[in-house]
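A.B. asks:
In the numbering used here, the protein residues as written are 5 to 99.
(1) Pick helix, strand or coil for residue 28, following the three-state DSSP scheme.
(2) Out of curiosity, what's the CA-to-CA distance linking residue 76 and residue 7?
(3) Closer than 8 Å by C-beta to residue 88: which residues in its own chain qualify, once you throw out the five before and the five after it? Chain order, please.
(4) Rounded to whole angstroms, how far is the Cβ of residue 23 from the Cβ of residue 9, which I believe are closer than 8 Å?
(5) Please report the straight-line C-alpha distance between residue 47 and residue 83, rounded to a whole angstrom.
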């Protein structure tokens with residue numbers, strides 16, 4: 005299987021399966037939703053993902069290891085997470 009999400013830094017088999025389950029199948033889908041949107045979609049689907057997934061997705065989009073994200077960047081992501089509107093599934097899968 006040639007899954008382009010698996011080629012991104014920080015994303016492994018489980019996280020890519022979760023992303024696929026919410027309609028994110030490629031890097032374009034992931035960029036369109038952003039780290040916070042993708043994380044919210046995964047959590048809304050019922051997966052018990054920790055905030056490390058949020059950081060991992062952001063790191064994948066920036067091509068850096070999630071642990072190398074500066075604390076201020078992580079804090080900004082958490083702030084965005086608090087204010088991010090909840091989307092329904094049709095909004096997540098529309099292209």
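Backbone N, C-alpha and C define an ideal beta-carbon position, used for all residues, glycine too.
C.D. replies: Let me spell this out:
(1) coil
(2) 31 Å
(3) 40, 41, 44
(4) 6 Å
(5) 16 Å
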